[in-house]
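Numbering (our numbering), first residue to last: 26 to 493.
The beta-carbon is built from N, C-alpha and C at its ideal position, and this holds for glycine as well.
The model shown is predicted, which means the values in this text are computed figures rather than measured ones.
Below is one structure; the comments refer to it alone.
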């Protein structure tokens with residue numbers, strides 16, 4: 026690997042840079058080693074920053090005297106040499122104070138003429154090559170072969186040139202950090218805008234309402250209350266009952282809900298169901314059987330039909346659990362309150378596949394509520410608030426059941442208005458998604474640029490260093 030720095034630069038190895046010290050862990054069973062400790066004990070969990078000014082854990086002077094944890098004068102360069110994280114990255118940091126280290130780390134106490142920041146940035150810049158050439162093979166936990174690591178080459182310019190390189194790296198990083206922060210702010214604003222679009226859709230502020238259009242055009246329209254009356258009439262006819270008034274929700278519930286535009290009504294999900302809510306079925310994985318979706322099929326408000334497995338059951342056994350286009354599948358449980366009760370819409374014309382016990386199927390009356398409108402409402406903040414309020418936690422898992430979902434209150438506009446809302450939501454969300462993709466792409470480019478800055482610096486292409 027070519028490293029083109031100034032004529033005053035000498036090639037060295039990492040071993041040549043100073044004294045490398047191993048870490049150790051004092052006995053956790055001895056309180057004299059830990060109680061009211063004053064000496065920093067650096068572990069991999071402290072390696073989230075480039076400069077470490079303190080550690081989460083501290084040990085006592087007795088621990089240093091009576092264990093393998095040796096004190097290293099700061100500033101030093103800390104490297105994680107044993108951890109699963111080495112499969113992805115090489116954690117490196119400058120420890121600015123005297124400290125001890127745990128057994129999964131090594132620390133360099135640089136000799137005179139070696140800047141710790143220079144070494145740390147170099148290791149970060151060439152981490153991929155270091156991991157490729159210095160990793161041990163066949164170990165249970167990813168580890169660095171320290172003999173090979175010691176022999177790894179590093180260009181060593183003068184002390185002043187090292188400072189110039191570090192200063193320029195940090196100047197470039199500061200500019201990059203500003204750009205990344207701006208992208209992260211943009212990502213946050215897009216997330217808020219997405220929520221505001223769904224909120225406006227729920228409140229009848231996204232498109233002209235059916236009542237407004239009817240008044241403007243001098244015509245009648247069918248309010249959503251008529252849809253509920255029709256549903257009730259059909260159910261009573263099917264049950265052989267006498268027709269009565271629409272079964273609206275109780276007055277206390279209605280009073281607690283926000284006011285809706287003219288022509289809209291509040292209703293419970295149960296009023297809009299074509300068939301009762303249904304849990305899926307748990308089946309073990311098999312080589313031969315019938316396909317069933319995985320919970321991971323629920324992605325961003327849709328159902329990814331490719332996320333499936335073969336279950337140990339027959340097509341006949343799976344028949345009552347088959348999904349159809351327009352079905353809405355809801356997560357029954359999750360370790361995150363933010364994710365429990367999230368739903369996804371099954372796309373049109375799915376192949377024959379069943380849904381699992383981790384999902385509840387919502388099959389609504391399509392002529393009363395558009396499937397895409399239900400999906401938009403369900404994942405809005407207004408409905409999420411009601412779902413999260415009803416969720417219960419057991420052993421750290423938040424859960425909702427069919428009763429909880431049946432009682433979820435939904436705003437229902439006239440049917441034609443639902444279609445206009447869906448069209449406008451899709452238009453705006455498609456713009457948001459394009460912008461989000463651009464932001465994420467540039468955030469990834471920013472991380473790649475960070476590595477490029479480091480490599481350019483150590484190839485003499487970032488700042489002039491000495492005579493060429």
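Could you give the distance in angstroms between the alpha-carbon of residue 486 and the alpha-carbon of residue 478? In a straight line, the C-alpha of residue 486 is about 9 Å away from that of residue 478.
Can you name the start and end residues of the beta strand (DSSP E) that residue 423 belongs to? 422-424
Could you tell me the alpha carbon to alpha carbon distance between residue 132 and residue 363, rounded to whole angstroms? 41 Å
Report the three-state DSSP secondary structure of residue 64 (helix, strand or coil). strand
Could you tell me the distance, in whole angstroms, from the CA atom of residue 178 to the CA atom of residue 320? 48 Å
Please report the residue range of the beta strand (DSSP E) in which residue 311 lies. 310-318 is the extent of the beta strand (DSSP E) around residue 311.
Those residues which DSSP pairs with residue 283 across a bridge: Residue 283 pairs with nothing; no bridge assigned.
Closest Cα partner of residue 389 within the set 435, 405, 361 and 356: 435
Assign residue 477 to one of three DSSP states: helix, strand, or coil. helix
Tell me, to the nearest whole angstrom, how far the beta carbon of residue 105 is from that of residue 145; I am working on the premise that it is less than 8 Å. About 12 Å separates the two Cβ atoms, so there is no contact after all.
Count the other CB atoms within 10 Å of the CB of residue 392; is the residue buried (16 or more) or exposed (fewer)? Exposed.
Since residue 51 and residue 94 should fall inside the 8 Å C-beta cutoff, what is the C-beta to C-beta distance between them, to a whole number of angstroms? 5 Å
Assigned exposure category for residue 79 - 16 Cβ within 10 Å defines buried: In the assembly as shown, residue 79 is an exposed residue. Its beta-carbon has fewer than 16 other beta-carbons within 10 Å.
Quick check: what's the CA-CA separation for residue 129 versus residue 283? 57 Å
Can you find the residues in the same chain that come closer than 6 Å, C-beta to C-beta, to residue 161, ignoring five residues on each side of it along the sequence? 168 and 170
CA-CA distance, residue 460 and residue 126? 44 Å
I'd like the list of long-range same chain contacts for residue 403, defined as Cβ closer than 6 Å, with 5 residues on each side in sequence excluded. 368
Compare the beta carbon distance of residue 311 and residue 337 with 8 Å and say whether it is the shorter of the two. yes
With DSSP as the reference, identify every bridge partner of residue 107, one or two as the case may be. Bridge partners of residue 107: 168.
Once DSSP output is grouped into helix, strand and coil, what is the label at residue 353? strand
Contacting residues, own chain, Cβ-Cβ under 6 Å from residue 271 (five flanking each side not counted): Any reading at residue 271 must be qualified, since the residue scores a pLDDT of 47, below 50, and its modelled position is unreliable; no value is offered.
Beta carbon of residue 190, beta carbon of residue 400: below 8 Å? no
Cα-Cα separation, residue 352 to residue 172: 60 Å
Quick one: Cα of residue 298 to Cα of residue 199, how far? CA-CA distance, residue 298 to residue 199, rounds to 56 Å.
For residue 76 and residue 121, what's the separation of their Cα atoms in angstroms? 7 Å
Counting pairs of Cβ atoms below 8 Å between the region 406-420 and the region 299-318, do you hit three or more? no
Proximity below 8 Å, CB of residue 366 to CB of residue 355: yes
What is the DSSP secondary structure of residue 248, reduced to helix, strand or coil? coil
Chain-order list of residues whose beta-carbon lies under 7 Å from that of residue 457 (same chain, five-residue window excluded): 215, 218 and 219
Considering Cα atoms alone, identify which of 451, 444 and 455 is closest to residue 235. 444
Would you please state the rounded distance, in angstroms, between the beta carbons of residue 411 and residue 433? I believe it to be under 8 Å. 6 Å
Straight-line Cα distance separating residue 424 from residue 361: 10 Å
Evaluate residue 243 with the Cβ neighbour count: other Cβ atoms within 10 Å of its Cβ, from every protein chain shown; 16 or more gives buried, anything less gives exposed. exposed
Residue 135 lies in the beta strand (DSSP E); which residues open and close that run? From DSSP, the beta strand (DSSP E) with residue 135 extends over 130-135.
Quick one, are the C-beta atoms of residue 152 and residue 114 less than 8 Å apart? yes
Taking the Cβ atom as the reference point for each residue, do residue 371 and residue 350 lie within a distance shorter than 8 Å? yes
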